[in-house]
Structure formats: structure tokens, C-alpha cells
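Residue numbers (numbering that gives the first Met the number 0): 0 to 294.
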Amino acid sequence: MHQKIRKAIIPAAGFGTRMLPATKSIPKELLTIVDRPVLDYIVAEAFASGIEHVIIVTGRMKGAIEDHFDHAFELDVCLRNAGKQRLADRIEQDTPGAGAISFVRQQQARGLGHAVWTARHIVGNEPFAVLLPDMLMISDRPCLKSMVNLHSCHGGNVIAVERCAPEDTHKFGIVSLKPTADGPVVNGLVEKPAPGTAPSNLFISGRYILQPEIFDILERQAPGAGGEIQLTDAMITLIETQEIRPFEFCGRTFDCGSPAGFVSANLHMATARADLAPYIGIEMEALSSARRAVA
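Written out as C-alpha cells, the structure reads:
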């Protein structure tokens, strides 16, 4: 039996510069996909995957994240007095229970690896998950849940990977794999390889299960790309002593930290809802007609 994955870190301290000016005063993690903040989806994935405690790493100007996950007593009373019981019940159901979420400040923008390291005292000496708040991953079974199942079989470390077009490998962190009797394991990681040099077209896509030894590596890790402490660099050191297994995610992933991914995610989630899909169809038909008229 391998130790259960009970805790998850969500790094949410970034400035969200790709989504400016929207993120000038609103945390990028609270931008809505239809009518629900993107961070809500990520936290829900964690709890649906068996996580018991979520640790959100925040920074200055991110106090609204803590408020969002708190119980809003005044709002609840107002909704119920107005007869909006269903809406009040939905909000109450989606609000994590007391003690289920902790918050820690990163204090300095020193990269993803540093953000993960700041949560070390809350995680303690046990394996944990990391979910990037930008990456909305949609499938019948939560991505992290599948990774937890893989970890329960083999232990060690697990990372989610996806396939990209070979010509796009220079945009991502790329892994190389070697076969073993128990399935493939990662034997190399390259951050944004030069065009034509990538060892595969499998890129790291925003979900990790890591052993606590990564914290000691991160504490000693020299700054890498952009002068920041990179989680990928620490994992390169980690594979010298521990296995990292890939989980190939085959659902839909939206990078909600970019305008294109954000709009695509909104369209995807809206068309999946019976109350909104007809309106999307009407708008798309109107746009198509306008284009034909111009042509």
C-alpha cells in the first residue's frame, strides 16, 4: 500500500500578465468560465479526486481568493430571505468546509518551484498533488483522480502529459520516456527545447503528484529560466533517485491564463449547458451570416 495523496497545492500567486488589463485588480484565478471562477473548477477537481486538504499559494492583491472560498453569511441570509433557496444551496454546497483549505503567501515572485516550496510546512512529510490554476482539464474522470489511481499502484511521482504537434514542442516542457516491465517512466525533461531537438511530443500539462523529497531539492535549487526557481529543474534532479511516471491525459485542456484558451473554455462550457447552448448557436449563426454578407 502506498501512502494516500491527501493534500494538494494550487499555486495562485502570479500576476496574470497575459490577461491584462482584466487582471489589474481581479485575480486571474477568479476570472469566470461562464458563471464560475476558473479556480472553482480546479479546487473541485482536487476534492473529487480524494484530496482532503487544499493549499492555495497566494500573493499580494489576492485576498479576494480567500474571501471567495469563505462562507458568505450575509449573502446566504439575503438569498434565502429572497426565496432563492436553490441558488443559496448551490453556493453552500460548493463552499469547502471549515479547515479544508489553507492559504500561504509566496511573498516574492520567484517561480513555480518556489511557490510549491512555500507550502512545505503544511504538506509535511507525505506525497502531495500540484494543480496549476490556469489549466482547466475536462474529461469524464478527473485527471488528478486517474493520476491518484496510478500512484496507488506504483507509488513514486506522477505527472500528467499530453501530445502536441511536433512543430509546437518548443513552447512546452517536454518529457522523454523509457519502457519498463511496469510501464513507461520519465528519463528526461527539457524545458522549451529548440525546434527540431525535442525528445518526444509529450508535454507536461499542469498536474503533478510529487514525493516530499522535492522540497529539499527546491530549497537548494539554483534559479533557472527567467531567474526563477523552476519546478521542472527540480524534477530533473528528482529522477536521479526516484521514478516519475507519466499519465497521458486524453481529454480537453484549456489554458485559461491566455485570451484564446479563456474564450475557448467559455465556449466549451457554455455549449455543454442546456440553458446556454441555444444562445451560443444563435450567436454563431449571426456571426456566420455577417461574414457571408461581408464576403
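The C-beta atom is built at its ideal place from N, Cα and C for all residues, glycine as well.
Does the beta-carbon distance from lysine 61 to alanine 21 come in below 8 angstroms? Taking the first residue of the sequence shown as position 1, residue 61 is located at position 62. Taking the first residue of the sequence shown as position 1, residue 21 is located at position 22. It is not a contact, given that the beta carbons lie outside the stated cut-off.
The stretch 281 to 291 in contact with the stretch 193 to 201 per 3-pair CB rule at 8 angstroms: no
Environment of glutamate 125 [buried if 16+ CB atoms lie within 10 Å]: As a working mapping, residue 125 is identified with position 126 in the sequence shown. Exposed.
Please confirm if the stretch 174 to 184 is in contact with the stretch 249 to 267, defined as three or more CB-CB distances below 8 angstroms between the two stretches. no
Mark cysteine 249 as exposed unless 16 or more other C-beta atoms lie within 10 angstroms of its C-beta, in which case mark it buried. Taking the first residue of the sequence shown as 1, we reach residue 249 at position 250. It counts as exposed.
Using DSSP bridges, identify the partner residues of lysine 6. Counting from one through the sequence shown, the residue named residue 6 turns up at place 7. Its beta-bridge partners are His52.
Quick one: Cα of isoleucine 8 to Cα of serine 204, how far? Within the sequence shown, residue 8 is the residue found at index 9, counting from 1. Within the sequence shown, residue 204 is the residue found at index 205, counting from 1. Going by the C-alpha atoms only, they are around 15 angstroms apart.
Grab the span of the alpha helix (DSSP H) containing valine 216 for me, first residue to last. The sequence position of residue 216 within the sequence shown is 217, counting from 1. At residue 216 the sequence reads isoleucine, which differs from the valine that was named. Its alpha helix (DSSP H) spans residues 212 to 219.
For a quick check, are the C-beta atoms of threonine 252 and glutamate 161 less than 8 angstroms apart? The residue you call residue 252 lines up with position 253 of the sequence shown. The residue you call residue 161 lines up with position 162 of the sequence shown. Cβ atoms of threonine 252 and glutamate 161: closer than 8 angstroms.
Counterpart residues of isoleucine 301 in DSSP-defined beta bridges: For residue 301 there is no data in the structure shown, the boundaries of the chain being 0 and 294.
Would you decide whether asparagine 156 is buried or exposed? Buried here means 16 or more other CB atoms lie within 10 Å of its CB. If you number the sequence shown from 1, residue 156 lands on position 157. Buried.
Integer Cβ distance of glutamate 227 from histidine 113, believed to fall under 8 angstroms: Here residue 227 corresponds to residue number 228 of the sequence shown, with the count starting at 1. Here residue 113 corresponds to residue number 114 of the sequence shown, with the count starting at 1. Rounded, the Cβ-Cβ distance is 7 angstroms, consistent with contact.
Cα-Cα separation, proline 26 to glycine 195: Within the sequence shown, residue 26 is the residue found at index 27, counting from 1. Within the sequence shown, residue 195 is the residue found at index 196, counting from 1. When rounded, the distance between both Cα atoms is 37 angstroms.
Return the CA-CA distance between histidine 52 and glutamate 284, expressed in angstroms with no decimal places. Taking the first residue of the sequence shown as 1, we reach residue 52 at position 53. Taking the first residue of the sequence shown as 1, we reach residue 284 at position 285. Looking at the two C-alpha atoms, the distance is approximately 45 angstroms.
Aspartate 254 lies in the beta strand (DSSP E); which residues open and close that run? Looking up residue 254 in the sequence shown gives position 255. Segment 251 to 254, the beta strand (DSSP E) holding aspartate 254.
Proline 165: buried (16+ other C-beta within 10 angstroms of its C-beta) or exposed? For this step, residue 165 is matched to residue 166 along the sequence shown. It counts as exposed.
Quick check: what's the CA-CA separation for glutamate 28 versus aspartate 39? Stepping through the sequence shown from its first residue, residue 28 is reached at position 29. Stepping through the sequence shown from its first residue, residue 39 is reached at position 40. So the alpha carbons of these two residues sit roughly 9 angstroms apart.
Can you check which of these residues, Gly58, Glu282, Ile100, Ser48, is closest to phenylalanine 68 by C-alpha distance? Counted from its first residue, the sequence shown places residue 68 at position 69. Residue Ile100 is the option with its Cα nearest to phenylalanine 68.
Considering Cα atoms alone, identify which of Ile238, Phe261, Gln220, Ile137 is closest to glycine 187. Numbered from 1 along the sequence shown, position 188 holds the residue referred to as residue 187. When only C-alpha atoms are compared, the closest one is Ile238.
Nearest by alpha-carbon distance to threonine 240: which of Lys144, Glu212, Pro192, Gly223 is it? Position 241 of the sequence shown, counted from the start, is the residue given in the question as residue 240. Taking only the C-alpha atoms, the option nearest threonine 240 is Glu212.
So within the stretch 24 to 51, which uninterrupted alpha helix (DSSP H) runs reach at least 4 residues, ignoring any that extend past its ends? 37 to 47
Taking its Cβ as the centre, do 16 or more other Cβ atoms sit within 10 Å of tyrosine 207, making it buried, or is it exposed? For the purposes of this step, residue 207 is taken as residue 208 along the sequence shown, with counting starting at 1. Buried, because 16 or more other Cβ atoms sit within 10 Å of the Cβ of tyrosine 207.
Where does the unbroken alpha helix (DSSP H) through lysine 170 begin, and where does it stop? One-based indexing of the sequence shown puts residue 170 at position 171. Note, lysine 170: premise wrong, no alpha helix (DSSP H); not H, not E.
Ordered along the chain, which non-local residues of its own chain (more than five positions away) have a Cβ less than 6 angstroms from that of leucine 131? Mapped onto the sequence shown, residue 131 falls at position 132. Cβ neighbours of leucine 131 beyond the five flanking positions: Gly205.
In three-state DSSP terms, what is proline 245? The sequence position of residue 245 within the sequence shown is 246, counting from 1. The answer is strand: DSSP assigns proline 245 an E or B state.
Anyone know if the C-beta pair for glutamine 229 and glycine 110 falls short of 8 angstroms? Looking up residue 229 in the sequence shown gives position 230. Looking up residue 110 in the sequence shown gives position 111. Yes; because the gap between Cβ atoms is below 8 angstroms, this pair is in contact.
Between which two residues does the beta strand (DSSP E) carrying glycine 187 extend? Taking the first residue of the sequence shown as 1, we reach residue 187 at position 188. 184 to 190 is the extent of the beta strand (DSSP E) around glycine 187.
Have a look at Arg17, Gln105, Ile50 and flag the residue whose alpha-carbon is nearest the alpha-carbon of lysine 3. Counting from 1 along the sequence shown, the entry for residue 3 is found at position 4. When only C-alpha atoms are compared, the closest one is Ile50.
Who pairs with serine 204 in a beta bridge, going by DSSP? For this step, residue 204 is matched to residue 205 along the sequence shown. Answer by DSSP bridge pairing: none, since serine 204 is not bridged.
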